Amino acid sequence: MLAAFAEVVGDIVSKGDEKVTIPGFLTFERTHRAARTARNPQTGDPIQIPAGYSVKVSAGSKLKEAAKGK
142 MLAAFAEVVG DIVSKGDEKV TIPGFLTFER THRAARTARN PQTGDPIQIP
192 AGYSVKVSAG SKLKEAAKGK
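The structure is reproduced here in structure tokens:
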């Protein structure tokens with residue numbers, strides 16, 4: 142069941158034009174990451190990381206309240 146949910150959310154978010162919201166619980170949203178320069182942790186050499194997309198997950202109000210113990 143969770144695999145099916147993850148597949149549906151992934152399909153919607155990958156299109157990038159809408160958020161997936163479970164009211165009071167979670168919101169999934171596609172975000173753009175700009176190209177940037179980082180460092181290789183083993184060698185310290187600078188490396189170029191290309192622009193791309195990521196997923197932002199935000200907790201809803203009910204989940205936040207539950208985490209606070211309310």
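The sequence shown begins at 142 in my numbering and counts up one residue at a time. Glycine included, each C-beta is placed from N, C-alpha and C at the ideal position. As the structure is a prediction and not an experimental result, all values here were calculated from the model.
In this structure, the CA atom of residue 210 is about 15 Å from the CA atom of residue 200.
Residue 197 sits away from residue 166, with the two beta carbons spaced by 8 Å or more. DSSP, reduced to helix, strand and coil, places residue 151 within a helical segment of the structure shown. Nearest neighbour of residue 163 by Cα position, chosen from 172, 157, 155 and 147, turns out to be 147. Here residue 149 is exposed. Its C-beta has fewer than 16 other C-beta atoms within 10 Å. Leaving aside the five residues that flank residue 193 on each side, the residues in its chain whose CB is nearer than 7 Å to its CB run, in chain order, 174.
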